[in-house]
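Here's the structure, in structure tokens; my notes come after.
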Amino acid sequence: MIAGIGLDTVNLDRFAEHLQRTPKLRERLFSPLELRGADESRGTDKLRVADGQDGDRDQETTDAGTVEQHPKHMTRALRPEQLAARFAAKEALIKALGGGVRGFRFADISVVNDAHGAPRFELTGAIASHVQSRGLHLHVSLTHDAPVAQAFVVAETLD
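Residue numbers for the sequence shown, in this note's numbering: 98 to 256.
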């Protein structure tokens with residue numbers, strides 16, 4: 098049964114201006130997981146490695162010389178319009194939940210891609226507790242085409 102729906106639209110130019118004007122805004126709006134995928138200037142070398150499984154993996158050599166491997170959907174650099182769509186998803190999620198969540202941070206909501214590229218939420222903190230306590234399953238759809246990015250979220254119970 099549908100418990101809530103949410104839709105949000107973000108103007109791409111205005112969003113980019115806000116991010117430029119307020120450097121700390123990125124850290125307030127996006128989780129470390131999202132920022133790690135969005136930051137192209139981390140000082141790493143990336144190599145796409147086919148592992149024969151569900152998806153390719155990125156092999157990354159960090160500044161410290163260690164090698165880490167991550168699913169490709171976690172390390173791909175996000176373009177500004179993709180960040181805007183992810184922010185829209187966070188706003189749409191709050192609307193789908195009816196706005197009754199207290200004590201959450203936007204960084205508690207990560208919008209990531211599964212192995213097939215479909216967006217999904219990874220939640221932590223107060224918002225994760227709220228969603229779990231209500232037994233909700235979340236669906237999210239993202240789109241971006243200048244001049245806007247949009248997200249649509251459906252929250253459903255599995256009863």
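Glycine included, every Cβ here is placed at the ideal spot set by N, Cα and C.
Distance from the CA of Thr240 to the CA of Ala181, rounded to the nearest whole angstrom, comes to 10 angstroms. Residue state for Phe201 is assigned as coil, using DSSP reduced to three classes. Here DSSP, grouped into helix, strand and coil, assigns Gly222 to helix. Classified as exposed, Asp110 has fewer than 16 neighbouring CB atoms from the shown chains inside 10 Å of its CB. With a cutoff of 7 angstroms on beta-carbon distance, Val251 and His236 are scored as near each other.
DSSP places Phe249 in the strand class (E or B) of the three-state scheme. For Ala204, the closest C-alpha among the options Asn108, Leu255, Leu132 and Ile99 is that of Leu132. Cβ-Cβ separation between Ala248 and Ala185: approximately 4 angstroms, consistent with a contact (criterion under 8 angstroms).
Leu190 counts as buried, since no fewer than 16 other beta carbons sit within 10 angstroms of its beta carbon. Looking at the DSSP output, Arg217 shares a beta bridge with Val209.
Note on geometry: alpha-carbon atoms of Pro177 and Glu253 lie some 30 angstroms from one another. One thing to note: Gly200 has its Cβ within 7 angstroms of the Cβ of Ala223. Counting every other CB atom within 10 Å of its CB across the protein chains shown gives Ser128 a total of 16 or more, marking it as buried.
Residue range Ile99 to Asn108 is occupied by the beta strand (DSSP E) that includes Ala100.
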